[in-house]
Amino acid sequence: MEFSGSKMQLLAVTDLNEQEAELTNAQSKQYTCKGCGKETPNLFQYDLCRDCLNQTFRRLIKVIDSVRK
Ligand SMILES: [Zn+2]
0 MEFSGSKMQL LAVTDLNEQE AELTNAQSKQ YTCKGCGKET PNLFQYDLCR
50 DCLNQTFRRL IKVIDSVRK
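Residue numbers are given in numbering that gives the first Met the number 0: position 35 of the sequence shown equals residue 34, and the series is strictly consecutive.
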């Protein structure tokens, strides 16, 4: 039982190291937003950053509202 316990601990350490490596890779990845040209680690639909996507949605909502009237 003592052996399997130390083996589990070893596996946990390995998993943690892999997660850290993935996190570092993700952080170094930057995308350029097509709306404002800002570099961001997260791009959403239409290659837009979060701010630009929100603005796009607001514009779309206005269009939808004007069609309904
Ligand atoms: Zn943007």
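Even for Gly, the Cβ is constructed at its ideal location relative to N, Cα and C.
Item, Value
"C35: buried (16+ other C-beta within 10 angstroms of its C-beta) or exposed?", "exposed"
"Is K37 near ligand 1, going by C-beta to nearest heavy atom under 6 Å?", "yes"
"Which residues share a DSSP beta bridge with T31?", "E38"
"By a C-beta neighbour count over all protein chains shown, 10 Å radius and 16 as the cutoff for buried, is L59 buried or exposed?", "exposed"
"Where does F43 fall in DSSP's three states?", "coil"
"Cβ of N41 within 6 Å of any heavy atom in ligand 3?", "Although ligand 3 was asked about, the structure shown includes only ligand 1 as ligands."
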